[in-house]
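Per my numbering, residue 0 is the first one in the sequence shown, and the count goes up by one each step.
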Amino acid sequence: SYDPNGQFESLKAGGTSTVTFTYTVRDAQIATSAAATATITIQGANDAPVADNDSISINEDDPALDITASLLAGDTDADAGQTATLVVSAIDTATLGTQGQVTFNSGTVTYSTGGQLQWLTVNDSVEDQFIYTVEDADGNTATATVTITIQGQNDLPTDMTLSPRGLAANSGEFTFIGSLQTDDPDADPYEYTLVAGAGDADNGLFSVDFGSVQVKAGVIDVGAGPWSIRVQADDTHGGTITKSFTILPNTKPDFSLDADNSQGAAPDVLLTYNEGDAPIAIHDGIALTDPDGDNIERVNVFLGAFDMADEELTVTLDHGITLDASSDSTMLLLRGSATTAQYAEVLESIRYVHHSNRPTAGQRSIGYEVSDGISESVFANSFVDVIPNVTSAQLDLDADDSSGGIGSSFNATFIETSPFQTGSGSIPLADVDLTISDPNGSTIDSMKIYVRQIEANDVIAPPTLPGGISVSQTNVGDDLVVTFTGTADH
0 SYDPNGQFES
10 LKAGGTSTVT
20 FTYTVRDAQI
30 ATSAAATATI
40 TIQGANDAPV
50 ADNDSISINE
60 DDPALDITAS
70 LLAGDTDADA
80 GQTATLVVSA
90 IDTATLGTQG
100 QVTFNSGTVT
110 YSTGGQLQWL
120 TVNDSVEDQF
130 IYTVEDADGN
140 TATATVTITI
150 QGQNDLPTDM
160 TLSPRGLAAN
170 SGEFTFIGSL
180 QTDDPDADPY
190 EYTLVAGAGD
200 ADNGLFSVDF
210 GSVQVKAGVI
220 DVGAGPWSIR
230 VQADDTHGGT
240 ITKSFTILPN
250 TKPDFSLDAD
260 NSQGAAPDVL
270 LTYNEGDAPI
280 AIHDGIALTD
290 PDGDNIERVN
300 VFLGAFDMAD
310 EELTVTLDHG
320 ITLDASSDST
330 MLLLRGSATT
340 AQYAEVLESI
350 RYVHHSNRPT
360 AGQRSIGYEV
370 SDGISESVFA
380 NSFVDVIPNV
390 TSAQLDLDAD
400 DSSGGIGSSF
410 NATFIETSPF
420 QTGSGSIPLA
430 DVDLTISDPN
440 GSTIDSMKIY
450 VRQIEANDVI
460 APPTLPGGIS
470 VSQTNVGDDL
480 VVTFTGTADH
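Right, here's the structure in full:
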């Protein structure tokens, strides 16, 4: 037999090569014949190309790149001269990644980030992939995958702002002026310093600490103003921006939720909301003035809610005052230039309501920030005590408190009997004298058990259930919720 052993893979279709060798034969009497020559003709066959998977690295800011040569660099064809004829014949659009854009036109493959990865920091990278097809001169094909790594670059900051930027004349040390913020496509953290240059005339009166501008320690009187400072922001990767700011002489608005301080806690106010109440006003008289006579430009109102889906702030808008699009039921962002009296009227219309008939008991904090566009008022809070209806169902897990629990709670300790055995023991979640009561009736419709920070081997085993009651268990983050449903007596 004859085995070409891969020595003729370079033969193209239609090509031939010959191999000759001599041989002799002998008969049973061991007589040997004269030597003869054998000639074997190997017919060429068309071999398919071999496509090699590729890896390409580019930077986020690179322009559109022709990557055709890089794709073909590792691809081969065993037929003589065929490697040089290989072309990219197709791109599998179904495998295209989402980080950049691939353009295929007459065998040329171009890749571009399209400017959509400016958010990458200098330490970040993302990958894109797609499958491409190579073809030789005889129409044979092969496919391979290219992985493109896009390396993030440090983008320079584009702007810096100081807000607010007002200061009362003759203020002294540590008086807060405003916070610095830098616009950066990479969202880098910034370090701020006061630097010399145009607009630095009053640098010596102020300091910058963690982005907050304030009157410098030891300065007793800054004078009448205005004041000028020059600040540099540094992203610690070589990107900086320097800008001068004028701090304007301005007195912050005076704002209180208790106009006559009847509770003695102004500018804050303390209120109560009982389950089922109509929406309540969250002030005891609004007092809003601006010593400089400025209009108010914006007010932010934030509700610290326990039951986000059921709690709501409402407002009646007027005098050209509008709600920013980012506002929602627990955050009112009032915008528009209006007098203090007009803003006070709108603020007086704000109401708090809890729509659930089972609110979570506790104090809500509703915070207010008032700005005249230059200075902000002190932060004022409306503290609302939410009180559930006491006629709701009551559960006591240990009626005689024998477990040492406080109030209606039950204390228990689980002791692992063997570190190598799971399911080796169990404990009850309530005492034998557990009680359920409901002044509204003798039946209960549902019950939930919340197990916080449950671990992989923790098991909650429901008891044998009476007819008509079912149980389900649902994981919510790191917690387990066990829900019993079905109407039954206590």
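The beta-carbon is built from N, C-alpha and C at its ideal position, and this holds for glycine as well.
{"query": "Give the range of the alpha helix (DSSP H) segment to which SER69 is assigned.", "result": "67-71"}
{"query": "So the candidates are LEU64, ASP78, ALA141, GLN117; which of them puts its Cα closest to the Cα of PHE103?", "result": "LEU64"}
{"query": "Alpha carbon to alpha carbon, how far is THR473 from LEU479?", "result": "6 Å"}
{"query": "For a test of the three-state rule: what should DSSP assign to TYR1, helix, strand or coil?", "result": "coil"}
{"query": "As a quick exercise: from GLY237, ASP267, ASP74, pick the residue whose alpha carbon is nearest that of ASP283.", "result": "ASP267"}
{"query": "Identify, in the order they occur along the chain, each residue of the same chain with its Cβ nearer than 6 Å to the Cβ of HIS318, setting aside the five sequence neighbours on each side.", "result": "ALA337, GLN341"}
{"query": "Helix or strand or just coil, what does DSSP make of GLU59?", "result": "coil"}
{"query": "Is PHE32 near ASP53, with beta carbons less than 8 Å apart?", "result": "The sequence as given places Ser at residue 32; Phe does not occur at that position. No, the pair does not count as a contact, with Cβ atoms beyond the cut-off."}
{"query": "Give the single residue among LEU247, ALA47, PRO427, GLY99 whose Cα lies nearest to the Cα of GLY82.", "result": "According to the sequence provided, residue 82 is Thr. The question's Gly does not apply to it. For THR82, the nearest C-alpha among the options comes from ALA47."}
{"query": "Taking the straight line between their C-alpha atoms, what separation do you get for PHE413 and THR463?", "result": "22 Å"}
{"query": "Using only the alpha-carbon positions, how far apart do ILE130 and PRO156 sit?", "result": "37 Å"}
{"query": "May I ask you to list the residues that DSSP assigns as paired with VAL470?", "result": "PHE483"}
{"query": "Measuring straight from C-alpha to C-alpha, what distance separates GLY151 and PRO184?", "result": "11 Å"}
{"query": "If you pair each beta-carbon of the region 263-278 with each one of the region 192-212, do three or more pairs fall below 8 Å?", "result": "no"}
{"query": "Any idea what DSSP makes of GLY454, helix, strand or coil?", "result": "It should be noted that the sequence gives Glu, not Gly, for residue 454. If DSSP states are grouped into helix, strand and coil, GLU454 belongs with coil."}
{"query": "With a threshold of 6 Å on Cβ separation, who are the neighbours of ALA89 within its own chain once the five nearest residues in sequence on each side are excluded?", "result": "THR132"}
{"query": "On the DSSP bridge list, what partners appear for ALA89?", "result": "THR132"}
{"query": "Ends of the beta strand (DSSP E) at ALA141?", "result": "140-150"}
{"query": "Name, in chain order, the residues that DSSP records as bridge partners for ILE295.", "result": "ALA337"}
{"query": "With contact counted as at least three CB pairs below 8 Å, one residue from each stretch, are the region 233-242 and the region 214-222 in contact?", "result": "no"}
{"query": "So if DSSP puts LYS215 in a beta bridge, which residue, or which two residues, is it bridged to?", "result": "For LYS215, which the question treats as bridged, DSSP gives no partner whatsoever."}
{"query": "Could you check if ASN249 is buried or exposed, using at least 16 other CB atoms within 10 Å of its CB as the buried criterion?", "result": "buried"}
{"query": "Would you mind sorting MET307 into buried or exposed? The rule is 16 or more other CB atoms within 10 Å of its CB.", "result": "exposed"}
{"query": "For HIS354, is the classification buried or exposed, using 16 other Cβ atoms within 10 angstroms of its Cβ as the cut-off for buried?", "result": "exposed"}
{"query": "Counting pairs of Cβ atoms below 8 Å between the region 391-409 and the region 295-302, do you hit three or more?", "result": "no"}
{"query": "For the beta strand (DSSP E) that MET159 lies in, which residues bound it at each end?", "result": "158-162"}
{"query": "Would you kindly work out how many angstroms separate the C-alpha atoms of SER178 and GLY106, rounded to a whole number?", "result": "54 Å"}
{"query": "Under a Cβ-count criterion, where at least 16 other Cβ atoms within 10 Å of its own Cβ denotes burial, should PRO461 be classed as buried or exposed?", "result": "exposed"}
{"query": "Measure the C-alpha to C-alpha separation of PRO387 and THR359 and round it to an integer number of angstroms.", "result": "7 Å"}
{"query": "Could you tell me the distance, in whole angstroms, from the CA atom of ALA37 to the CA atom of ILE57?", "result": "58 Å"}
{"query": "Looking at the secondary structure, which residues open and close the beta strand (DSSP E) in which ALA232 lies?", "result": "226-233"}
{"query": "Return the Cβ separation of THR67 and VAL49 in integer angstroms, given the expectation that the two are a contact with Cβ distance under 8 Å.", "result": "The Cβ separation is near 18 Å, so there is no contact."}
{"query": "From ASP293 to ASP371, what does the alpha carbon distance come to, in whole angstroms?", "result": "6 Å"}
{"query": "Assuming contact is defined by CB atoms lying nearer than 8 Å, are TYR351 and ILE365 in contact in what I supplied?", "result": "yes"}
{"query": "Ordered along the chain, which non-local residues of its own chain (more than five positions away) have a Cβ less than 6 Å from that of PRO166?", "result": "Here residue 166 is Leu; the residue named in the question, Pro, does not match the sequence. Here the set comprises ILE176, ILE246."}
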